[in-house]
Structure formats: C-alpha cells, structure tokens
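K.L.:
Residue numbers (the numbering used here): 7 to 348.
Beta carbons are placed, not taken as given, at the ideal position from N, Cα and C, and that holds for glycine.
Because the structure is a prediction, the values reported are computed rather than measured.
Once you've had a glance at the structure underneath, I'll fire off some questions.
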C-alpha cells in the first residue's frame with residue numbers, strides 16, 4: 007500500500023533533472039535486509055519514477071510533478087506540486103473580487119474532481135532492518151495526523167534511493183526511485199562570528215514571533231504546528247493551524263466533486279481566504295550571518311516560486327534558531343524563534 011493509500015500521502019523537476027526513464031544511478035537491487043545505512047537516508051530526495059512491479063508500467067513522475075522527501079535523524083517532510091499551477095501576486099490577489107479569489111485558490115490546489123494538485127506533510131520515522139515506519143504529525147489532510155505506514159527500503163547509496171510499497175491484499179507493489187538533491191552534509195562551512203552554519207541542519211519548530219516595533223509576542227506553538235526542516239543546502243517549511251475539521255477518506259469518497267472541492271478548500275483557507283495550512287521548499291546558503299533564500303522551488307503559492315530573500319540570523323546554536331524577517335511595507339520587522347526537535 008502506498009503512502010497515499012495508507013495515509014492519503016504522496017507524491018522537483020529542476021533544470022538539471024536527468025531523464026526520468028533512466029534507471030536511478032548507482033541502484034543496487036541486490037541489497038539484502040539489514041544492510042540499509044540509515045545515515046545515507048538523511049537529506050533531500052526527489053522522486054523520479056514510480057513502477058508497478060506487477061505490470062512493469064513506469065510513471066516518469068518527475069516530468070509532471072515536483073516531489074521532495076526530506077529526512078533528518080528522526081523526522082521527515084514531504085512536499086509536492088503538479089506542473090502548470092498558476093497564481094497572482096499578493097497585490098493582484100487583493101484586488102480580486104471574493105469569487106475570483108476563491109476560483110484562483112481552488113484552481114492552484116484542486117483539479118476539477120477535487121483531487122489534490124499540491125501536498126505537504128511531515129512526521130517522525132524510524133528504520134527496522136530494511137523496513138521504514140513513519141507517522142504523520144503535520145498534514146494537509148487533518149485526518150492523517152498521528153496515522154502512519156510502512157515501506158520496504160530496497161537500496162540507498164550516496165546518490166540514489168528506492169523503496170517498495172507494502173500493499174494490502176490484492177494491491178500491486180510499487181517501486182519509487184529517488185535521486186539525491188543535497189550533498190549528504192559534506193558541504194564545507196565556515197563559522198561566521200557567533201554563527202556556525204552546521205548548527206542549522208535538522209528540524210526546527212517555530213515557538214513564537216515578536217513584532218520588534220510593538221513588542222507584541224505571538225506564542226505560535228499554541229495554535230499552529232510549524233516545522234522548518236534544513237539540510238546543508240535545502241529547506242522545507244510546513245505548518246498547519248490546529249483545530250481544522252477532520253474529514254475521513256470514506257466521507258470524501260462519497261462526496262460529489264463540487265462538495266469535495268469545498269471541503270478540501272476549507273482545509274487550506276478559512277472563510278476570509280487566509281491560509282490555515284502552508285508548505286514550501288527551496289535552497290539556501292548562509293552569508294555574513296544571513297540566511298540567504300535561494301530561489302524557492304516549491305510553494306503552495308505559485309507566485310513565490312523562483313523568489314529569493316535574506317533573513318538576518320540573531321541566534322543559532324544547538325538549541326535555538328532566531329531570525330528577523332525582511333521589513334514589511336510599513337517597516338515592521340518580525341523576529342521568529344525556533345526550538346530544535348531533532
């Protein structure tokens with residue numbers, strides 16, 4: 007059973023993406039149970055192909071869907087988006103009538119049948135021999151939180167990784183192949199004053215934000231689960247507002263397409279079109295104690311894709327990470343504080 011079937015989960019095509027029809031580089035399908043090196047799974051992976059092992063049919067999924075899976079020692083995040091999504095800038099969106107805002111949001115997240123065009127989730131994982139178990143802590147689908155599943159790792163090396171689904175009776179086994187996007191933590195970093203860039207690697211939870219002009223503090227952890235997942239070159243960011251309504255797959259399956267769209271829309275935006283869920287991902291570097299956002303590669307909001315930015319780091323160690331936002335139009339600067347969770 008796939009992650010999507012077990013937890014309704016699953017599924018980056020960049021300019022340097024190799025032809026997805028080619029086998030994963032370095033694949034070694036002779037690997038035996040118990041030979042999986044957990045440390046080699048750490049990092050960011052792009053899903054390239056999905057193969058039905060019963061029929062041999064191959065979906066070169068990287069041609070039409072951008073998918074990242076991100077592992078650190080005990081946590082994972084998973085973000086994907088279909089090709090061809092479009093969205094206006096914040097200023098353009100604000101000028102739209104309410105009906106037009108709804109239509110734009112709907113089109114970038116859901117197809118005509120109410121199926122997802124974008125996904126974000128995250129949780130905890132562990133390895134027992136060659137079997138990977140996982141649970142969900144954050145998900146675009148509220149019903150998935152605290153649910154999980156299991157996958158069989160076929161091989162993992164410095165550049166490639168594959169797993170087989172563990173299907174229910176009557177379902178075909180599927181093989182998912184990946185290519186590595188980061189450098190396995192081998193990127194050389196230089197300490198910059200009080201900042202050691204290596205300390206940023208891992209998974210962080212946002213605990214609070216503070217308006218530097220007014221001193222107002224928002225205890226984010228009380229109403230939102232927000233994760234910032236970082237390797238030496240890549241990041242993913244997933245958050246969800248607590249208390250979103252839970253709708254089971256059975257209930258969704260009995261809905262007509264329009265009702266399904268309305269139901270799923272409410273899992274992402276409230277009645278004011280303010281987000282209650284978010285996911286994005288991209289690359290970064292640290293320069294002069296500044297977190298420099300490379301072009302964003304994935305985002306729930308298409309207009310953010312390709313956008314860069316800079317965020318001054320005011321504290322970074324093994325316990326906490328604090329940065330300042332770029333000034334807003336009115337000059338407001340927000341300080342964001344994280345705690346390490348792995």
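1) Using only CA atoms, which one of 77, 55, 46 lies nearest to residue 242?
2) Drop a sphere of 10 angstroms on the beta-carbon of residue 180, count the other beta-carbons inside from all chains shown, and report buried for 16 or more, exposed for fewer.
3) DSSP on residue 62, reduced to helix/strand/coil?
4) So, does the stretch 43-57 touch the stretch 244-260, judging by three or more C-beta pairs under 8 Å?
5) Note down, in chain order, each residue of its chain lying with its Cβ closer than 8 Å to the Cβ of residue 231, except the 5 sequence neighbours on either side.
6) Between which two residues does the beta strand (DSSP E) carrying residue 44 extend?
7) Under a three-way DSSP split, which group does residue 29 fall into?
8) On a Cα-Cα basis, can you pick out the residue from 80, 229, 125 that is closest to residue 139?
9) Buried or exposed: which applies to residue 58, given that a residue is buried once 16 or more other Cβ atoms fall within 10 Å of its Cβ?
10) Would you decide whether residue 6 is buried or exposed? Buried here means 16 or more other CB atoms lie within 10 Å of its CB.
11) Work out the CA separation of residue 336 and residue 233 for me, nearest whole Å.
12) Which value, in whole angstroms, describes the spacing of the CA atoms of residue 130 and residue 263?
13) Taking DSSP as the reference, what is the three-state secondary structure of residue 130?
14) Taking only the alpha-carbon atoms, compute the straight-line gap between residue 328 and residue 309 and give it to the nearest angstrom.
15) If you follow the beta strand (DSSP E) that residue 151 is part of, which residue opens it and which one closes it?
16) Can you tell me whether residue 158 is helix, strand or coil according to DSSP?
17) Would you mind stating whether residue 56 and residue 67 have Cβ atoms separated by less than 7 Å?
18) Spatial neighbours of residue 229 within its chain, please: CB distance less than 6 Å, with the 5 preceding and 5 following residues excluded, ordered by chain position.
19) Taking the straight line between their C-alpha atoms, what separation do you get for residue 102 and residue 183?
20) Taking only three categories from DSSP, how would you classify residue 68?
21) Would residue 334 be called buried (16 or more neighbouring beta carbons within 10 Å of its own) or exposed?
22) Determine the burial state of residue 188: buried for a count of at least 16 other Cβ atoms within 10 Å of its Cβ, exposed for fewer.
23) Inspect the beta-carbon positions of residue 167 and residue 157 and report whether they are closer than 7 Å.
24) Report the rounded CA-to-CA distance for residue 173 versus residue 87, giving the unit in angstroms.
25) Checking contacts by CB at 7 Å: is residue 83 closer than that to chain C?
26) Within its chain, find whatever has a CB closer than 6 Å to the CB of residue 317; leave out the 5 residues flanking it on each side and keep chain order.
27) Measure the alpha-carbon distance for residue 100 versus residue 209 and round it to whole angstroms.
28) Would you kindly check if the distance between the Cβ of residue 85 and the Cβ of residue 259 is under 7 Å?
29) Going by DSSP, name the residue or residues bridged to residue 99.
30) Give the secondary structure of residue 330 by DSSP, where H, G and I count as helix, E and B as strand, and everything else as coil.
31) Taking 7 Å as the cut-off, decide whether the C-beta atoms of residue 83 and residue 235 are in contact.
32) Output the distance between the C-alpha atoms of residue 113 and residue 178, rounded to the nearest integer angstrom.
P.N.:
This is what the structure gives:
1) Per the Cα distances, 77.
2) Buried: at least 16 other Cβ atoms inside 10 Å.
3) In the structure shown, residue 62 sits in coil (DSSP, three-state: anything other than H, G, I, E or B).
4) No: fewer than three Cβ pairs fall under 8 Å.
5) 143, 144, 211, 245, 246, 248, listed in sequence order.
6) Run containing residue 44: none in the beta strand (DSSP E); it sits in the alpha helix (DSSP H), 44-47.
7) Any answer about residue 29 is weak, because its pLDDT of 44 lies below 50 and its placement is not dependable; what the coordinates show is given next. DSSP, read as helix, strand or coil, puts residue 29 in coil.
8) Checked all of 80, 229, 125; the closest Cα to residue 139 is 80.
9) Looking at its Cβ environment, which holds fewer than 16 other Cβ atoms inside 10 Å, residue 58 is exposed.
10) Because the chain here runs from 7 to 348, residue 6 falls outside it and cannot be looked at.
11) Those two C-alpha atoms are separated by around 27 Å.
12) Residue 130 and residue 263 have their C-alpha atoms roughly 32 Å apart.
13) Three-state DSSP puts residue 130 in a strand.
14) Straight-line Cα distance between these residues: approximately 26 Å.
15) No beta strand (DSSP E) holds residue 151; DSSP gives it neither H nor E.
16) Residue 158: strand per DSSP, three-state reduction.
17) Going by C-beta atoms, residue 56 is nearer than 7 Å to residue 67.
18) Counting only residues of its own chain and dropping the five nearest sequence neighbours on each side, residue 229 has a CB closer than 6 Å to the CB of 248.
19) Straight-line Cα distance between these residues: approximately 42 Å.
20) Secondary structure at residue 68: helix, using DSSP grouped into helix, strand and coil.
21) Residue 334 should be labelled exposed.
22) That one is buried.
23) No Cβ-Cβ contact shorter than 7 Å links residue 167 with residue 157.
24) Rounded to whole angstroms, residue 173 to residue 87 spans 24 Å at the Cα level.
25) Judged by its chain identifiers, the structure shown contains no chain C, having just a single protein chain.
26) Excluding positions up to five away in sequence, the list reads 297, 329.
27) Note on geometry: alpha-carbon atoms of residue 100 and residue 209 lie some 33 Å from one another.
28) The beta carbons of residue 259 and residue 85 sit no closer together than 7 Å.
29) None, per the DSSP bridge assignment.
30) Strand, per DSSP.
31) Taking 7 Å as the cut-off, the beta carbon of residue 83 is found closer than this to the beta carbon of residue 235.
32) Their Cα atoms are separated by approximately 31 Å.
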